[in-house]
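Asks:
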Amino acid sequence: MRFRTIASLTLAGTVIAGCGGGNSAPVPATQQGSAHHAGSSSPIQHVVIVVQENRTFNDFFATYPNADGTMTGKVSANPNCSPPIKAGTIPLAKVPLDIPTDLNHKYSGFQTARDGGQMDGFDLVPYGNGVPECTFPYQYTDPSQIAPYWDMAEQYALAEHMFTTQGSDSFVEHQDLIRGGTEVERDKGMIDFPTCGRCWWGCDAVHGTVTHLVTKANVYLQKHGPFPCSKNFKLKYPTLRDLMDAKNVTWKYYQPGFNKPYGQLLSAFDVVWAVRNGPEWKTNIVTPQTAIFNDISNNKLPNVSWVIPDQDESDHPGTSSDTGPSWVASIVNAIGGSSYWDSTAVIVVWDDWGGLYDNLPPKVMDYGGLGFRVPAIIVSPYAKAGYISQTNYEFGSILRYIEDNWNLGQLGTSDSRAASIIDCFNYSQSPITFKKIPSSLSKDYFIHAKYSGPPDTDM
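My numbering numbers the first residue of the sequence shown as 52 and each following residue consecutively.
1. Hey, how far is the Cα of Gly259 from the Cα of Pro245?
2. For Ser371, which option in Pro147, Ser127, Gln103 has the closest C-alpha, if you only look at C-alpha atoms?
3. From Ala470 to Pro116, what distance separates their C-alpha atoms?
4. Is the segment 134-141 close to the segment 366-382, with three or more CB pairs under 8 angstroms?
5. Have a look at the DSSP bridge pairing and note the partners of Glu236.
6. Determine the closest residue to Pro307 out of Leu492, Trp251, Arg468, His156, with distance taken between C-alpha atoms.
7. With 16 as the cutoff for other CB atoms within 10 Å, does Met241 come out buried or exposed?
8. Counting C-beta neighbours from all protein chains within 10 Å, is the total for Tyr478 16 or more, i.e. buried, or is it exposed?
9. When you compare only the Cα positions, how much space is there between Asp149 and Ala325?
10. Should Cys132 and Pro177 be called a contact, given that it needs their Cβ atoms to be closer than 9 angstroms?
11. Would you tell me roughly how many angstroms separate the C-alpha atoms of Gly419 and Asn349, rounded to the nearest one?
12. Does the segment 275-291 come within contact of the segment 188-202, defined as at least 3 CB pairs closer than 8 angstroms?
13. Do Leu294 and Leu421 have their C-beta atoms closer together than 9 angstroms?
14. In angstroms, rounded to a whole number, what distance separates the CA positions of Thr262 and Trp378?
15. So who's on the other strand from Leu272, going by DSSP bridges?
16. Have a look at Asp346 and Gln103 and give me their C-alpha separation to the nearest angstrom.
17. For Pro142, list the residues DSSP reports as bridge partners.
18. Should Pro482 and Pro432 be called a contact, given that it needs their Cβ atoms to be closer than 9 angstroms?
19. Taking 9 angstroms as the threshold (C-beta atoms), are Asp321 and Gly253 in contact?
20. So, Tyr207 versus Tyr438, is the Cβ gap smaller than 9 angstroms?
21. Less than 9 angstroms separating the beta-carbons of Asp417 and Asn269?
22. Under DSSP, the alpha helix (DSSP H) around Trp332 begins and ends at which residues?
23. Using DSSP's beta-bridge definition, name the partner residues of Arg165.
24. With a CB to CB cut of under 8 angstroms and the five nearest residues on each side skipped, what residues in its chain are close to Ala256?
25. Short of 6 angstroms in beta carbon distance, which residues of its chain neighbour Gly387, apart from the five on each side in sequence? Order them along the chain.
26. From Asp174, Phe344, Gln169, pick the residue whose C-alpha is nearest to that of Tyr496; which is it?
27. For Pro199, collect the residues of the same chain with a Cβ closer than 6 angstroms to its Cβ; drop the 5 residues on either side in sequence, then sort them by chain order.
28. May I ask you to report which of helix, strand or coil DSSP gives His225?
29. Kindly provide the ranges of any beta strand (DSSP E) runs that are 3 or more residues long and lie completely inside the segment 347-396, ordered along the chain.
30. Between Glu211 and chain D, is any beta-carbon pair separated by less than 9 angstroms?
31. With DSSP as the reference, please indicate the residues paired to Pro183 in a beta bridge.
32. If Lys239 sits next to Thr216, beta carbons under 8 angstroms apart, how far is it from one beta carbon to the other, in whole angstroms?
33. Round the Cβ separation of Ser394 and Pro151 to the nearest angstrom and send it over; I've been treating them as touching at under 8 angstroms.
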């Protein structure tokens with residue numbers, strides 16, 4: 052596995068015309084995003100959801116002015132640490148972005164850390180070998196290492212109360228970002244990642260793979276779930292794709308290549324049988340993820356996009372890479388410098404808590420949720436400049452905004468209960484003039500970079 056950091060890199064040369072196309076087949080003019088419009092009261096015709104990995108809100112914004120963050124954390128007494136930990140509070144360590152260890156962030160770890168809402172059990176969470184993680188979760192990222200994220204938050208809107216829909220890890224959280232829930236049979240939803248080790252999560256998983264379940268009443272059922280493909284589910288499994296297809300709202304899912312069988316490939320629509328085995332797998336599931344730059348340049352950006360990073364640019368702990376902020380900035384800068392700026396909202400969100408400390412207890416809901424807070428930044432000419440939203444959101448809030456923007460109806464999952472992120476916008480304001488987000492690496496670097504692996508290294 053190849054690792055990289057900004058400090059050891061030089062910028063790549065000028066991009067070759069047409070590079071990064073992958074599976075981005077030409078879209079007929081009648082199907083392009085520009086052919087479809089949002090509701091008459093909304094100027095937003097394009098929503099781009101940039102999905103990063105495994106960070107809590109406090110990890111990135113502990114010291115952000117006026118935000119709900121902290122530089123101290125609550126701990127339970129743990130005599131098995133060296134030195135032993137006494138119950139109370141401890142200071143959070145300021146650390147670089149490329150932290151070396153991927154922590155436990157399964158449902159069981161979430162429950163231990165949350166400790167019934169006391170938020171003091173992070174030191175008790177067992178690592179993979181059963182040894183407690185002790186003080187390691189109690190850290191926050193040096194703001195200088197994530198300057199592009201702070202820059203975006205200062206210019207646009209920051210959601211400080213974005214909770215994940217489930218207290219778990221990447222597999223189910225990526226499902227929540229396309230459908231707002233993981234119910235596969237009556238009163239039971241998937242939780243944690245499937246039983247296979249180094250495999251693809253979805254219809255391409257190896258034979259014998261099963262999923263874990265959590266009941267509506269939050270009872271964990273290990274290995275009681277079906278093969279991770281909607282063809283095997285007892286319930287229908289509609290996603291936002293179904294609502295958009297019905298209303299001719301265009302969409303694409305930009306992801307890393309599907310050609311390397313190690314780690315876990317976070318291709319959420321691989322779980323959806325009708326997509327994985329239908330024509331949309333070639334027209335709407337687009338590889339590599341850098342193909343979004345060509346679509347922006349060539350006027351092919353759809354109405355709704357998901358953008359999944361590869362491993363090095365994901366912000367995932369344990370990858371020894373710090374290129375994620377530049378990756379996100381390169382997407383925002385490409386849109387900001389294009390004709391799409393005046394009609395676009397970019398939602399930057401992190402998929403799960405990654406085992407890192409957060410100070411705000413999530414409300415107890417159903418199917419293993421809510422999970423801990425993650426960062427969420429809304430970048431748009433119609434975002435409220437410098438706004439910190441205190442509204443309680445979950446991933447269904449992003450879906451609800453898209454549903455309302457195009458009058459799609461609702462999936463009936465967490466989108467039905469969630470507050471839309473609409474309060475981060477002011478459609479009546481004078482549009483914000485785009486200013487380039489400074490970053491160490493440009494889109495040319497990412498277009499030319501070699502594939503480093505899938506974004507999630509969890510086992």
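Virtual Cβ for every residue (Gly too), placed ideally from N, Cα, C. Nothing here was measured: the structure is a model prediction, and the numbers come from that model.
Replies: This is what the structure gives:
1. 10 angstroms
2. Pro147
3. C-alpha separation (whole angstroms): 24 angstroms.
4. Segments in contact, no.
5. Lys239
6. Of the candidates Leu492, Trp251, Arg468, His156, the one whose C-alpha sits nearest the C-alpha of Pro307 is Trp251.
7. buried
8. Tyr478 should be labelled exposed.
9. 38 angstroms
10. no
11. Those two C-alpha atoms are separated by around 42 angstroms.
12. No, they do not touch.
13. no
14. 32 angstroms
15. Partner(s): Leu264.
16. C-alpha separation (whole angstroms): 20 angstroms.
17. Thr123
18. yes
19. Yes. Within cutoff.
20. Contact annotation: Tyr207 and Tyr438 have beta-carbon atoms nearer than 9 angstroms.
21. yes
22. 331-334
23. Answer by DSSP bridge pairing: none, since Arg165 is not bridged.
24. Pro245, Cys247, Cys250, Phe278, Pro279, Cys280
25. Phe485
26. Phe344
27. So the list reads Pro376, Ala380, Ile488, Ser490, once near-sequence residues are dropped.
28. helix
29. 355-358
30. Among the chains of the structure shown, chain D does not appear; only one protein chain is present.
31. Pro177
32. 15 angstroms between Cβ atoms; not a contact.
33. Not quite, the Cβ-Cβ distance comes to about 41 angstroms (not below 8 angstroms), so this is no contact.
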